[in-house]
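Asker:
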Amino acid sequence: MEKKETRDYILLIALSFFLSIFSFGSLVFTLPLLFLSTRYPRKATDTACVAVMVLTAGKQLFMSRDLLMNSLTYFFAGNNLFIPFSLILGAIVWVNTKGKECVKRLLLTMLPALILFLLFVGLYTIFPQTAETVKESYREIFVALFTQIFKMSTESISTMFDIVLELMLSIVLPLVFLNIVVVHYYFESFTHRLDESFDKKVISFNLPEVFIYFFLGLWTIMLFKRFVNIPMSVNVLLNNLTLTCTLFYGLQGFSILLYNLRRKGSAISGIKLMGLLIILMMLLPGINVILVLALIGVGVLNTWIELRKPF
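According to the numbering used here, the sequence shown is numbered sequentially starting from 38.
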């Protein structure tokens, strides 16, 4: 690489790492890494992604440098690194699967997150005492923080923690999925902004019919598990798989919505429609749930009724 290319390469790596430090930036920090793939070979992009992973891990360990002799420190660090590592590995997969069919590419991009998630579930299942210690450590922080904010009893805040913890553990993979979809869609929309065929690919997004069996099977298990006691690790895994599978149908519903808007003469682009839906969901509490359920319902219904009528 020439000097200018090397400088830009390093700057994009630094920008990605810098964004990962901040709350909002951590949602889009893989964008600079994805844009690297438009200017540099795949190996260079992969190297940049690994560099950001190393920097992120190094930052996490540096923040815990006084507690490195405590094995629990590495569990806490692992918890904090799960989402950024999942997103970076997802970016690597996305870049290296260019040209593959969209559904397959998206499934492969989610695979690193699923593997890491299974690894964590396995570790905490094998070491239940460690899992309990980590949980209680988070509880102490949660109680100390929110007791002062809400002026409630310690018992009430502790109960709230259990509810919040179960909710957060149940939506880890769906959150990773949503981030990947939004960020990667923005990246692809920008890089294909002059390519009319790109939106045609978006409006033709279609899950294979076999996917409905996974969807119905998972929701059937979710229904029946309410009547039996199952380990928390299995419950968390089922919740994540079911919600992620459901969001795939929400993505298909989005594709169908965009298709029908185009069929009726609207010139709105997919990225603008997604941005509009995100804004509506953020500004209209309650309506956001209806919008999500509607998109999912449309996506599922398309399995039996063709909702993409010819132009």
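C-beta atoms are modelled at their ideal positions from N, C-alpha and C, and glycine is treated no differently.
With H, G and I counted as helix, E and B as strand and the rest as coil, what does DSSP make of K40?
Answerer: Position 3 of the sequence shown, counted from the first residue, corresponds to residue 40. In this structure, K40 counts as helix in the three-state DSSP scheme.
Asker: How big is the Cα-Cα spacing for E343 and N266?
Answerer: Position 306 of the sequence shown, counted from the first residue, corresponds to residue 343. Position 229 of the sequence shown, counted from the first residue, corresponds to residue 266. Approximately 40 Å, taken between the alpha carbons.
Asker: For a minimum of 4 consecutive residues, which ranges assigned as the alpha helix (DSSP H) are wholly contained in the region 177–211?
Answerer: Entirely contained in the region 177–211, the alpha helix (DSSP H) runs reaching 4 residues are, in chain order, 191–207.
Asker: For R76 versus V132, is the C-beta spacing smaller than 8 Å?
Answerer: Here residue 76 is taken as the residue at index 39 of the sequence shown, counted from 1. Here residue 132 is taken as the residue at index 95 of the sequence shown, counted from 1. No.
Asker: Below 7 Å CB to CB, which residues in the same chain sit around K238 once its five sequence neighbours on both sides are set aside?
Answerer: Along the sequence shown, read from residue 1 onward, the residue named residue 238 stands at position 201. If we look at K238 and ignore the five residues flanking it on each side, its Cβ neighbours are C139.
Asker: State the start and end residues of the unbroken alpha helix (DSSP H) segment that holds N297.
Answerer: Within the sequence shown, the letter at position 260 stands for residue 297. 269–300 is the extent of the alpha helix (DSSP H) around N297.
Asker: Restricting to Cα atoms, I'd like to know which of L288, N277, L310 is closest to L330.
Answerer: Sequence index remark: in the sequence shown, residue 330 carries index 293 (1-based). Here the closest residue by C-alpha is L288.
Asker: Quick one: grab the DSSP three-state call for D232.
Answerer: As a working mapping, residue 232 is identified with position 195 in the sequence shown. Three-state result, D232: coil.
Asker: Identify whether P165 lies in helix, strand or coil by the three-state DSSP scheme.
Answerer: Sequence index remark: in the sequence shown, residue 165 carries index 128 (1-based). Here P165 sits in helix by DSSP.
Asker: V89 and I125 look like a contact to me (Cβ under 8 Å); what is the Cβ gap, rounded to whole Å?
Answerer: Taking the first residue of the sequence shown as position 1, residue 89 is located at position 52. Taking the first residue of the sequence shown as position 1, residue 125 is located at position 88. About 6 Å separates the two Cβ atoms, so the contact holds.
Asker: Quick check on S53: buried or exposed, where buried means 16 or more other Cβ atoms within 10 Å of its Cβ?
Answerer: Working through the sequence shown from its first residue, we reach residue 53 at position 16. So S53 ends up on the buried side.
Asker: Consult DSSP for A304 and reduce its assignment to one of helix, strand or coil.
Answerer: As a first step, residue 304 must be located in the sequence shown, where it is residue number 267. Three-state result, A304: coil.
Asker: Please say whether I200 and T184 have beta carbons closer to each other than 8 Å?
Answerer: Counted from its first residue, the sequence shown places residue 184 at position 147. Counted from its first residue, the sequence shown places residue 200 at position 163. No, these two residues do not count as a Cβ contact at 8 Å.
Asker: Could you tell me if G127 is buried or exposed, where buried requires 16 or more neighbouring beta carbons within 10 angstroms of its beta carbon?
Answerer: The residue labelled residue 127 in the question sits at position 90 within the sequence shown. It is buried - the Cβ of G127 has at least 16 other Cβ atoms within 10 Å.
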